[in-house]
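K.L.:
Residue numbers (my numbering), protein chains in the order written: chain A, 581 to 816; chain B, 13 to 399.
Quick look at the structure:
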């Protein structure tokens, strides 16, 4: 049996909006196995992105515990959490979030500046990963000169260039057309099946969720149905 | 800090804005240099004053003449080593537009008492021998292209010749001084020619200022008191003061100009600081999502702080460097332009250093607010800027 890479216990997060308290996560428990491909679904406001942010160490819970890759995130200071993120997690966002003033290659190189790699090694790593996502011929283009699908592939290259265990994708196909979305999902599937990356993907799209092996439903901040989909990647 | 490339590219995100900010900074730093130099030029007279030299003038004002007989009395005061005399001539060359200072002096004593006025001994000797000779400053010679042997006609506005013709002075020497407060645009001519010419018209001249050189061991306060005491019952009472004090009184003729210039400089600094902070805040707003991305990638709050500080510092230092370069390279034309009001305009190393520090401080102040905001920004909030 695979080990749990993510263990969430009693996770609670409350926001105050307009003077009113809004409980986004309400004592959530969740385990995710290493090497899994998880789709996180649920209606708007169900806490999907909040959970993703907690697991990625971008936000801190009001109560509960998040242990990722054996590290209790609540016990880490801000700087230690940042260092942990750079080693352990790769993020893919709906809006791609590439730095607009840097080329695709420079964007992918950016996380490697936090490693001990030399300039040449960083460049080689970034070029290699951009080749994996099919952007060798566009690596010197800036985000504004790339299509949406190319931007998202560059963002995926940036997410995996440091070889993290966990890829967190927040609506990665939300801003893409059907063809580009298919390419991005293929890429995520490949990262999971060939490179054994654990993927947690927030999505509204049932077609995108079909690519995952496990679909986790959230409802009003609590865990709902969990669907295990054997051979999901092959069916896609 | 993520990388210098990111600092540079972020600054060029809005090239026109960056260019205008750098240009305003350059202008501000240039103005700081120029304004401070005007103030230091005014103050140079006090700073460069010789502590052993005293000046004596009428207690009713600089333009009231003292009798020639006073010189001998002053020389009898204990502690007085040497004296010399000056009289403001107040003439003009061709028209009043071409104004420069002219003094009747005693060549036997003046050049000895003012060693900062550098002139070859043979030229001093020539002034002694030549009745209507004069020695002129290097800048003055350059301005009018006057050479040794030339004749300078001057209209004696304050001291007209008895025949109402122009005074004519023959250039016998050219002096220069490295001391900024000693003007290089003055004409000195011999006392004897001045006195004899005026006496012929029945109007013997007086003395504008007596200068005293005290003995090395003299108690200056005591000498001043004794000199003033000599004339307390005279018809024409006198004020005796150290050269520094005399220069200070002379500066009061400028009124509040130094203060006024200081206020302008301060205003320029505040205006440019506000403009820089505004530029950096706009820049930070544009980069909010980038802050979220950098933090999500593992860059610390401190490195994000550094990114914004580096942007502000770079902007201000480039603007400051250009301003310093402009200030340095325009010294000569500015000096020529304002030489009447601010003789010896020359930017001191201290002013350059001050302007460089001002650029640095502007960078820190302009960067600190956006940098602190970026540092405090929560990653999820920053990412939401584009989501």
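C-beta atoms are modelled at their ideal positions from N, C-alpha and C, and glycine is treated no differently.
When the Cα of residue 59/B is compared with those of 80/B, 260/B, 345/B and 299/B, which residue comes out closest?
P.N.:
Walking along the second chain from the start, residue 59/B turns up at place 47. Here the closest residue by C-alpha is 260/B.
K.L.:
On the CB-based measure, 16 or more other CB atoms within 10 Å of its CB, does residue 387/B come out buried or exposed?
P.N.:
Counting from one through the second chain, the residue named residue 387/B turns up at place 375. That one is buried.
K.L.:
What residues are listed by DSSP as bridge partners for residue 797/A?
P.N.:
The sequence position of residue 797/A within the first chain is 217, counting from 1. Answer is 621/A, bridged to residue 797/A.
K.L.:
Taking only beta-carbon positions, decide if residue 305/B is within less than 8 Å of chain A.
P.N.:
Locating residue 305/B in the second chain gives position 293, where the first residue counts as 1. Yes, its Cβ sits closer than 8 Å to a Cβ of chain A.
K.L.:
Report the CB separation of residue 326/B from residue 23/B in whole angstroms; it is logged as a contact under 8 Å.
P.N.:
Walking along the second chain from the start, residue 326/B turns up at place 314. Walking along the second chain from the start, residue 23/B turns up at place 11. Contact flag correct, Cβ pair sits at about 7 Å.
K.L.:
Quick one: using the 10 Å Cβ neighbour count with 16 as the cut-off for buried, is residue 231/B buried or exposed?
P.N.:
Along the second chain, read from residue 1 onward, the residue named residue 231/B stands at position 219. Exposed, since its Cβ has fewer than 16 Cβ neighbours within 10 Å.
K.L.:
Taking Cβ-Cβ distances below 9 Å as the criterion, which residues of the segment 142 to 171 of chain B are in contact with chain A?
P.N.:
Residues passing the 9 Å Cβ filter: none.
K.L.:
Mind listing which residues of the segment 346 to 377 of chain B have their C-beta closer than 9 Å to chain A's C-betas, in chain order?
P.N.:
Taking 9 Å as the Cβ-Cβ cut-off against chain A, none of the residues of the segment 346 to 377 of chain B qualify.
K.L.:
What separation, rounded to the nearest whole angstrom, lies between the Cα atoms of residue 50/B and residue 660/A?
P.N.:
Mapped onto the second chain, residue 50/B falls at position 38. Mapped onto the first chain, residue 660/A falls at position 80. In a straight line, the C-alpha of residue 50/B is about 54 Å away from that of residue 660/A.
K.L.:
Using a C-beta cutoff of 8 Å, does residue 702/A count as contacting chain B?
P.N.:
The sequence position of residue 702/A within the first chain is 122, counting from 1. No, no contact with chain B.
K.L.:
Apart from the five residues just before and just after residue 777/A, which ones in its own chain have a Cβ nearer than 6 Å to its Cβ?
P.N.:
Walking along the first chain from the start, residue 777/A turns up at place 197. So the qualifying residues of the chain are 747 and 771.
K.L.:
So with CB distances below 8 Å, who are the chain A contacts of residue 395/B?
P.N.:
Counted from its first residue, the second chain places residue 395/B at position 383. Under the 8 Å cutoff, chain A gives 638, 673 and 677.
K.L.:
Ignore the nearest five residues each way along the sequence and tell me which others in residue 814/A's own chain have a CB closer than 6 Å to its CB.
P.N.:
Stepping through the first chain from its first residue, residue 814/A is reached at position 234. Low confidence applies here, because residue 814/A scores a pLDDT of 41, under 50, leaving its location unreliable; read the following figure in that light. For residue 814/A, where only same-chain residues beyond five positions count, there are no Cβ hits under 6 Å.
K.L.:
According to DSSP, is residue 31/B helix, strand or coil?
P.N.:
The residue given as residue 31/B occupies position 19 in the second chain. Helix at residue 31/B.
K.L.:
In three-state terms, what does DSSP make of residue 158/B?
P.N.:
Taking the second chain and counting its residues from 1, one reaches residue 158/B at position 146. Residue 158/B falls in the coil class under three-state DSSP.
K.L.:
Tell me whether residue 69/B is buried or exposed, calling it buried when 16 or more other Cβ atoms sit within 10 Å of its Cβ.
P.N.:
Counted from its first residue, the second chain places residue 69/B at position 57. Result: buried.
K.L.:
Evaluate residue 141/B with the Cβ neighbour count: other Cβ atoms within 10 Å of its Cβ, from every protein chain shown; 16 or more gives buried, anything less gives exposed.
P.N.:
Here residue 141/B refers to the residue found at position 129 when the second chain is read from its first residue. Exposed is the call here.
K.L.:
Three-state secondary structure (DSSP) at residue 590/A?
P.N.:
Indexing the first chain from 1 puts residue 590/A at position 10. Residue state, collapsed to three classes: strand.
K.L.:
Which of the three DSSP states is assigned to residue 787/A in this structure?
P.N.:
For the purposes of this step, residue 787/A is taken as the residue at position 207 of the first chain. Note: residue 787/A maps to helix in three-state DSSP.
K.L.:
Should residue 702/A be labelled buried (16 or more other beta-carbon atoms within 10 Å of its own) or exposed?
P.N.:
For this step, residue 702/A is matched to residue 122 along the first chain. Buried.
K.L.:
Hey, how far is the Cα of residue 803/A from the Cα of residue 379/B?
P.N.:
Position 223 of the first chain, counting from 1, holds the residue named residue 803/A. Position 367 of the second chain, counting from 1, holds the residue named residue 379/B. The alpha-carbon atoms of residue 803/A and residue 379/B are separated by roughly 45 Å.
K.L.:
Does residue 170/B come out as helix, strand or coil in the three-state DSSP assignment?
P.N.:
Taking the first residue of the second chain as 1, we reach residue 170/B at position 158. Of the three classes helix, strand and coil, the one that applies to residue 170/B here is coil, per DSSP.
K.L.:
Rounded to the nearest angstrom, what separates residue 317/B and residue 46/B at their Cα positions?
P.N.:
Position 305 of the second chain, counted from the start, is the residue given in the question as residue 317/B. Position 34 of the second chain, counted from the start, is the residue given in the question as residue 46/B. Roughly 34 Å between the two C-alpha positions.
K.L.:
In three-state terms, what does DSSP make of residue 83/B?
P.N.:
Residue mapping note: residue 83/B aligns to position 71 of the second chain, counting from 1. In the structure shown, residue 83/B sits in a helix (DSSP, three-state: H, G or I).
K.L.:
Going by DSSP, what residue range makes up the alpha helix (DSSP H) through residue 106/B?
P.N.:
As a first step, residue 106/B must be located in the second chain, where it is residue number 94. Residue 106/B -> no alpha helix (DSSP H), and no H or E assigned at all.
K.L.:
Name the chain D residues that come within less than 7 Å of residue 25/B, Cβ to Cβ?
P.N.:
In the structure shown, chain D does not exist; the protein chains are A and B.
K.L.:
Looking at the C-beta of residue 310/B, does it have a partner C-beta in chain A at a distance below 8 Å?
P.N.:
Indexing the second chain from 1 puts residue 310/B at position 298. It does: the Cβ of residue 310/B has a partner Cβ on chain A nearer than 8 Å.
K.L.:
Rounded C-beta distance between residue 114/B and residue 185/B? I'm assuming under 8 Å.
P.N.:
For this step, residue 114/B is matched to residue 102 along the second chain. For this step, residue 185/B is matched to residue 173 along the second chain. About 15 Å separates the two Cβ atoms, so there is no contact after all.
K.L.:
DSSP beta-bridge partners for residue 802/A?
P.N.:
Reading the first chain from its first residue, position 222 is the one you call residue 802/A. Answer is 799/A, bridged to residue 802/A.
K.L.:
For residue 476/B, count neighbouring Cβ atoms within 10 angstroms of its own Cβ and tell me buried if that reaches 16, exposed if not.
P.N.:
One cannot answer for residue 476/B here, as it falls past the ends of chain B, which runs 13 to 399.
K.L.:
Mind checking if residue 392/B is an interface residue toward chain A, Cβ cutoff 8 Å exclusive?
P.N.:
The sequence position of residue 392/B within the second chain is 380, counting from 1. Chain A, which has a Cβ nearer than 8 Å to the Cβ of residue 392/B, makes this yes.
K.L.:
Does the segment 335 to 351 of chain B touch the segment 711 to 723 of chain A, meaning 3 or more C-beta pairs lie closer than 8 Å?
P.N.:
The answer is no - the segment 335 to 351 of chain B does not touch the segment 711 to 723 of chain A, with fewer than three Cβ pairs under 8 Å.
K.L.:
Put residue 770/A into one of helix, strand or coil per three-state DSSP.
P.N.:
For the purposes of this step, residue 770/A is taken as residue 190 along the first chain, with counting starting at 1. Helix at residue 770/A.
K.L.:
In terms of residue numbering, what span does the alpha helix (DSSP H) encompassing residue 629/A cover?
P.N.:
What you label residue 629/A is simply residue 49 of the first chain in a count that begins at 1. Element bounds for residue 629/A: 628 to 635.
K.L.:
With distance defined between alpha-carbon atoms, name the residue in 196/B, 195/B and 40/B nearest to residue 330/B.
P.N.:
Here residue 330/B corresponds to residue number 318 of the second chain, with the count starting at 1. Per the Cα distances, 40/B.
K.L.:
On a CA-only basis, which of 699/A, 662/A and 673/A is nearest residue 685/A? Give me that one, please.
P.N.:
As a working mapping, residue 685/A is identified with position 105 in the first chain. Per the Cα distances, 699/A.
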